[in-house]
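Asker:
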Amino acid sequence: MRVAVAGASGLIGSALIPELVAAGHQPVSMTRRPRSEGGEVIHWDPATGEIDPNAFENIDAVINLAGRGIADARWSDEQKRDILQSRVRGNRLIAESIARSNRGPKVFIAGSAIGFYGDTSNSAVTESAPSGDDFLSEVCRSLEDAASVASDAGCRVVAARTGIVLSRSGGALAQLLPFFRVGLGGRIGAGRQYWSWISLDDELKSLTHLLDADVSGPVNLVSPCAVTNSEFTRILGHVLRRPTLLPTPKIALWARLGRELTSALLYTSTRVEPAALLSTGFEFTHSDLESALRAILDRPPAQTESRK
Ligand SMILES: NC(=O)c1ccc[n+]([C@@H]2O[C@H](COP(=O)([O-])OP(=O)(O)OC[C@H]3O[C@@H](n4cnc5c(N)ncnc54)[C@H](OP(=O)(O)O)[C@@H]3O)[C@@H](O)[C@H]2O)c1
Numbered sequence: 003m004r005v006a007v008a009g010a011s012g013l014i015g016s017a018l019i020p021e022l023v024a025a026g027h028q029p030v031s032m033t034r035r036p037r038s039e040g041g042e043v044i045h046w047d048p049a050t051g052e053i054d055p056n057a058f059e060n061i062d063a064v065i066n067l068a069g070r071g072i073a074d075a076r077w078s079d080e081q082k083r084d085i086l087q088s089r090v091r092g093n094r095l096i097a098e099s100i101a102r103s104n105r106g107p108k109v110f111i112a113g114s115a116i117g118f119y120g121d122t123s124n125s126a127v128t129e130s131a132p133s134g135d136d137f138l139s140e141v142c143r144s145l146e147d148a149a150s151v152a153s154d155a156g157c158r159v160v161a162a163r164t165g166i167v168l169s170r171s172g173g174a175l176a177q178l179l180p181f182f183r184v185g186l187g188g189r190i191g192a193g194r195q196y197w198s199w200i201s202l203d204d205e206l207k208s209l210t211h212l213l214d215a216d217v218s219g220p221v222n223l224v225s226p227c228a229v230t231n232s233e234f235t236r237i238l239g240h241v242l243r244r245p246t247l248l249p250t251p252k253i254a255l256w257a258r259l260g261r262e263l264t265s266a267l268l269y270t271s272t273r274v275e276p277a278a279l280l281s282t283g284f285e286f287t288h289s290d291l292e293s294a295l296r297a298i299l300d301r302p303p304a305q306t307e308s309r310k
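Residue numbers (the working numbering): 3 to 310.
1) Shortest alpha-carbon distance to Gly113 belongs to which of Gln28, Ile14, Ala155?
2) The alpha helix (DSSP H) spanning Ser99 covers which residue range?
3) Is Thr272 near ligand 1, judged by its Cβ being under 7 Å from some heavy atom?
4) So, for His211: in the same chain, excluding its five sequence neighbours on each side, which residues have a beta-carbon less than 6 Å away from its beta-carbon?
5) Check whether the region 86 to 100 and the region 59 to 77 are in contact - that is, three or more C-beta pairs closer than 8 Å.
6) Would the beta-carbon of Asp121 fall within 8 Å of that of Ser232?
7) Using the Cα positions of Ala247 and Asp54, report the straight-line distance between them to the nearest angstrom.
8) Flag Gly134 as yes if its beta-carbon sits less than 8 Å from any beta-carbon of chain C, otherwise no.
9) So, is Val109 buried or exposed, given that buried needs 16 or more other C-beta atoms within 10 angstroms?
10) Closest by CA to Ala277, which one among Arg163, Ala49, Ser144?
11) Determine whether the beta carbon atoms of Ser198 and Arg158 lie at a separation below 8 Å.
12) Buried or exposed, going by whether 16 or more other CB atoms sit within 10 Å of the CB of Arg309?
13) Buried or exposed for Gly51, please, with buried defined as at least 16 other CB atoms from any protein chain shown within 10 angstroms of its CB.
14) Between which two residues does the alpha helix (DSSP H) holding Pro55 run?
15) Going along the chain, which residues of its own chain have a beta-carbon closer than 6 Å to the beta-carbon of Gln28, five neighbours each way excluded?
16) Here's the rule: buried if 16 or more other CB atoms are within 10 angstroms of the residue's CB, otherwise exposed. What is Gln177?
17) Do the region 260 to 274 and the region 115 to 133 touch if we need at least three Cβ pairs shorter than 8 Å?
18) So if DSSP puts Phe110 in a beta bridge, which residue, or which two residues, is it bridged to?
19) In three-state terms, what does DSSP make of Gly134?
20) What's the C-alpha gap between Ala155 and Glu59?
21) Determine contact between the region 74 to 93 and the region 177 to 186, defined as no fewer than three beta-carbon pairs at a distance below 8 Å.
22) Just to confirm the assignment, what range does the beta strand (DSSP E) spanning His45 have?
23) DSSP three-state label for Gly172, please.
24) Can you give me the C-alpha to C-alpha distance between Glu292 and Ala57, rounded to a whole angstrom?
25) Is Ala174 near ligand 1, in the sense that its beta carbon is under 7 Å from a heavy atom of that ligand?
26) Is the separation between the beta-carbon of Met32 and that of Ile44 shorter than 8 Å?
27) Taking only three categories from DSSP, how would you classify Gly120?
Shown next as structure tokens:
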């Protein structure tokens with residue numbers, strides 16, 4: 003397939019490009035960045051609605067991983083507006099472009115997140131669970147609604163609700179590692195909140211799998227073994243052979259991330275199961291956290307993860 007990837011310069015997108023090539027597909031990056039020499043690139047800008055009207059002619063599938071980073075900075079009203087609008091406008095622009103194209107994409111995978119469900123406490127939820135009522139739930143609900151416009155044009159639309167992606171090169175694990183490596187890693191709060199994670203390898207494998215799988219609508223991209231923050235802390239400390247005795251002071255997290263982002267990312271309990279993905283026959287490379295962390299931490303980052 004010729005696969006357009008929006009957000010191809012990001013953590014997941016940059017690693018997805020070589021994965022698609024290895025699977026026999028032809029990826030085409032979509033970016034807001036200025037034109038540069040070499041390689042086939044689709045230029046677009048969700049903020050201005052700019053996209054070549056013929057961008058998707060002869061493209062078989064689109065994967066949208068673009069949007070202002072959720073944890074790039076403390077949340078201000080402006081930051082939150084941009085997080086929401088960059089995703090809604092991006093998906094709407096892609097969906098409308100798909101609907102207008104003559105020989106256009108038959109598959110649209112819209113990057114969403116398990117934040118859709120809000121705080122699920124101890125209850126394990128699948129794709130049929132309702133949306134939560136916090137800011138990230140609203141973001142996910144709105145971006146999925148915007149993407150669904152493409153299904154009216156006969157395109158198979160999948161909302162890939164991703165969990166915490168584990169990679170040495172970026173995201174939550176990369177932020178935690180410096181503290182754990184010097185023995186300052188510790189549980190967050192009471193540590194009872196669930197973290198639903200997926201290794202970067204399985205994230206890439208599942209996105210590639212969804213290009214062909216007979217499924218549409220929401221699909222949770224998480225390992226089958228969500229853990230509590232206490233278990234995550236203990237297992238990461240064990241793999242790194244470092245103590246994890248002291249809880250992480252809330253005040254330090256607030257100072258770094260602000261209260262709202264700290265609460266949304268680190269204290270919210272999201273216990274999610276990959277029911278739809280398993281029903282399509284997907285097989286995880288890393289089902290349990292210890293084997294995933296060992297695989298990620300035992301190899302140099304550049305070997306399988308192309309982001310600097
Ligand atoms: N990493 C995780 O743990 C995780 C977990 C759940 C869900 N997700 C979701 O999965 C998607 C990909 O994640 P990621 O970690 O790879 O993201 P990322 O590293 O932050 O990259 C996102 C890409 O989006 C584009 N972008 C940045 N700001 C933008 C804006 N204001 N408007 C439009 N595009 C913008 C950039 O591409 P260009 O500059 O080339 O245009 C960037 O490379 C995101 O939507 C993220 O929310 C990620």
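Every residue, glycine too, gets a C-beta built ideally from N, C-alpha and C.
Remember, it's a predicted structure, so these values are computed and weren't measured experimentally.
Answerer: On the basis of the coordinates in this document:
1) Ile14
2) 79 to 102
3) no
4) Phe284
5) yes
6) no
7) Before going on, a small fix: residue 247 reads as Leu here, not Ala. Taking the straight line from one Cα to the other gives about 55 Å.
8) Going by chain labels, chain C is absent from the structure shown, which holds only one protein chain.
9) buried
10) Arg163
11) no
12) Residue placement at Arg309 is flagged as unreliable, the pLDDT there being 43, under the threshold of 50; the coordinate-derived value follows with that caveat. Result: buried.
13) exposed
14) Unbroken run through Pro55: none, as it is neither H nor E.
15) Arg4
16) exposed
17) yes
18) Val64, Val159
19) coil
20) 14 Å
21) no
22) 43 to 47
23) coil
24) 43 Å
25) yes
26) yes
27) coil
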